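Order-wise, the sequence lines are chains A and B. The first sequence: position 99 = 99 (this note's numbering), numbered continuously. All you need for this note's numbering is the position in the second sequence, starting with 1, plus 198. All C-beta atoms in this analysis are idealised placements derived from N, C-alpha and C, irrespective of residue type, glycine included. Everything numeric in this text was worked out from a predicted model, so none of it was measured. In what follows, a single structure is set out as structure tokens and then discussed.
Number of protein chains: 2
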Amino acid sequence: MTTRTDAPTRREQILKEAARLFAERGFHGVGVDEIGAAVGISGPGLYRHFAGKDAMLAELLVGISGQLLTGAKRRLAEADGVPPEEVLDSLIEGHIDFALDDRPLITLHDRELDRLRDSDRKLVRQLQRQYVELWVSVVREVYPRLPEPAARSAVHSVFGLLNSTPHLARPGSLPGRAKTAELLHRMARGAFAAAAQG
Amino acid sequence: MTTRTDAPTRREQILKEAARLFAERGFHGVGVDEIGAAVGISGPGLYRHFAGKDAMLAELLVGISGQLLTGAKRRLAEADGVPPEEVLDSLIEGHIDFALDDRPLITLHDRELDRLRDSDRKLVRQLQRQYVELWVSVVREVYPRLPEPAARSAVHSVFGLLNSTPHLARPGSLPGRAKTAELLHRMARGAFAAAAQG
DNA sequence: CCTTCAGGTTAACGACCGCTAACCTCCCTG
DNA sequence: CAGGGAGGTTAGCGGTCGTTAACCTGAAGG
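Set out below in structure tokens:
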């Protein structure tokens, strides 16, 4: 874990608020003035930190995809000799942590991809594909009888399940973060198990 | 089943194309000229059929929510004396049919709700809530030991799972509609079962 | 045959939005 | 203590977009 104690840079503030606003009202629904206002500067001041509105979205989406992939790779690298069931649990846990802690990013991740420049979109898709394939390989180790296309569909569907956290009640009303994480984890495992039981 | 054989009205054409475009590029990302062009008329001609762009989105979202709720109510009404497991299967089947046959609508359904006028948004949310509560009650009949908050979370998560169909490969490359529907169905049941196994 | 009206058309207006230009003001550093 | 860059500011330009206005046309109906 690389925990940070130092204050966030202005750039990071902007990205965080932009993510929240984009998730709430959509990329085209948010003006640069609003993003600026959210961090206490106004409008064109943002251009001291980013080339443009598109660049903010690109950095957010590339960051998310990269972070997910990097985390998954790390988990896989650390799992030498560990039974595949536990590796899958680790992947699920990592994804749930992300979905619960960075809901706006999860929302953006599958919602605003098409608003990117071609090159950025290709990069993000490539990272996403690697992430999916990594999951598929682990799932097929746990359930060798599951054909690859079905495994891939199952992985996408489980992502849909785990990424449903933004639709869950506003933080506070749900049975607590730990309970929610555990429920999601169990459901994901149950879904995979059922998928394999063809 | 109320199958239609007559040609779609211009209004319906517009709604269908608008749904596709909104799903592809987002509500704010589509201009009225594009919607018009998609049905062979241009721009302001749309205003002979709708009060404005907002009205199209509103009609789409209210329509989706209402259709889902109506279908679920019908399934429940037809299930007198049927074991709750089969009722749940019927609900799942209905939702999968919708998700597979109307992907753009499913996409819009949880993506552009916030772009609605207050009154329309309240209506849609009310319909959605009724739909969720209907599922919750059936789920709790099948799994009486599952507490209500957990059941509600589980239902939302399963919706996420079932609504993942737009992310599945373009039609044709996946293992066939029937196979996909069956896989999704199995996973949904597995997810619920695992949720109940606290 | 004239009227009416549904369903189009193009022109244009007003608002908004992303972005640039020009300028200001600290604070750091040689 | 000069000066220069980092990080703001406001004014404003150019383009886009939703919407309205004004006009046209073909088919139905008395």
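- Message: I need the straight-line Cα distance from S240 (chain B) to K214 (chain B), nearest angstrom please.
- Response: By 1-based counting over the second sequence, the position of residue 240 (chain B) is 42. By 1-based counting over the second sequence, the position of residue 214 (chain B) is 16. Spanning the two alpha carbons is a distance of roughly 16 Å.
- Helix, strand or coil at E133 (chain A) [DSSP, three-state]: Here residue 133 (chain A) is taken as the residue at index 133 of the first sequence, counted from 1. Assignment of E133 (chain A) by DSSP, reduced to helix, strand and coil, places it in the helix class.
- When burial is assigned at 16 or more other CB atoms within 10 Å of the CB, is K271 (chain B) buried or exposed? Here residue 271 (chain B) is taken as the residue at index 73 of the second sequence, counted from 1. Its Cβ having fewer than 16 others within 10 Å, K271 (chain B) is exposed.
- Message: Just verifying my parser: in three-state terms, what is the DSSP assignment at G120 (chain A)?
- Response: For this step, residue 120 (chain A) is matched to residue 120 along the first sequence. The question names Gly, but residue 120 (chain A) in the sequence shown is Asp. Correct three-state label for D120 (chain A): helix.
- Item | Per-residue DSSP class, three states only, for I304 (chain B) | Counting from 1 along the second sequence, the entry for residue 304 (chain B) is found at position 106. DSSP places I304 (chain B) in helix when its eight states are reduced to three.
- Task: Sort B:G358, B:R375, B:P345 and B:S362 by Cα distance to A394 (chain B) and report the nearest one.
- Result: Counting from one through the second sequence, the residue named residue 394 (chain B) turns up at place 196. Here the closest residue by C-alpha is B:P345.
- Item | Closer than 9 Å at the beta carbon, the chain A residues around E413 (chain B) | One cannot answer for residue 413 (chain B) here, as it falls past the ends of chain B, which runs 199 to 396.
- Item | Option nearest L116 (chain A) by Cα separation, candidates B:A217, B:T207, B:S288 and B:G224 | The residue you call residue 116 (chain A) lines up with position 116 of the first sequence. Closest option to L116 (chain A), Cα to Cα, is B:G224.
- Message: If you reduce the DSSP assignment to three classes, tell me which class G36 (chain A) lands in.
- Response: To locate residue 36 (chain A), count along the first sequence from 1; it is residue 36. Helix, per DSSP.
- Can you tell me whether DSSP reads R323 (chain B) as helix, strand or coil? For the purposes of this step, residue 323 (chain B) is taken as the residue at position 125 of the second sequence. R323 (chain B): helix per DSSP, three-state reduction.
- Could you check what DSSP says for T9 (chain A) in three-state terms: helix, strand or coil? Here the question's residue 9 (chain A) lines up with position 9 in the first sequence. It is coil, neither helix nor strand.
- Taking the alpha-carbon positions, what's the E380 (chain B) to A348 (chain B) distance? Numbered from 1 along the second sequence, position 182 holds the residue referred to as residue 380 (chain B). Numbered from 1 along the second sequence, position 150 holds the residue referred to as residue 348 (chain B). Taking C-alpha positions only, E380 (chain B) is separated from A348 (chain B) by approximately 25 Å.
- Verify whether the separation of the beta carbon atoms of S164 (chain A) and G358 (chain B) is less than 8 Å. Your numbering for residue 164 (chain A) matches position 164 in the first sequence. Your numbering for residue 358 (chain B) matches position 160 in the second sequence. Taking 8 Å as the Cβ cut-off, S164 (chain A) and G358 (chain B) qualify as a contacting pair.
- Query: According to the neighbour-count rule (16 or more other Cβ atoms, all chains shown, within 10 Å of its Cβ), is V82 (chain A) buried or exposed?
  - Reply: Within the first sequence, residue 82 (chain A) is the residue found at index 82, counting from 1. When all chains shown are included, V82 (chain A) counts as exposed.
- If you compare alpha carbons, which of A:S157, A:T9, A:L168 and A:R177 is closest to V132 (chain A)? Position 132 of the first sequence holds residue 132 (chain A). The shortest C-alpha separation from V132 (chain A) is found at A:S157.
- Consider the Cβ of A191 (chain A): report whether some Cβ of chain B lies at a distance smaller than 8 Å. Position 191 of the first sequence holds residue 191 (chain A). It does: the Cβ of A191 (chain A) has a partner Cβ on chain B nearer than 8 Å.
- Identify, in the order they occur along the chain, each residue of the same chain with its Cβ nearer than 6 Å to the Cβ of H204 (chain A), setting aside the five sequence neighbours on each side. The structure shown does not extend to residue 204 (chain A), since chain A is modelled only from 1 through 198, so no value can be given for it.
- Item | Top-ranked residue by Cα proximity to L255 (chain B), from B:A275, B:I233, B:P342 and B:R246 | Counting from one through the second sequence, the residue named residue 255 (chain B) turns up at place 57. Answer by Cα proximity: B:I233.
- Consider the Cβ of R309 (chain B): report whether some Cβ of chain A lies at a distance smaller than 8 Å. In the second sequence, counting from the first residue as 1, residue 309 (chain B) sits at position 111. So, interface residue.
- P206 (chain B) to V237 (chain B) span [Cα, whole Å]: In the second sequence, the residue the question calls residue 206 (chain B) occupies position 8. In the second sequence, the residue the question calls residue 237 (chain B) occupies position 39. Answer to the nearest angstrom: the Cα atoms are 12 Å apart.
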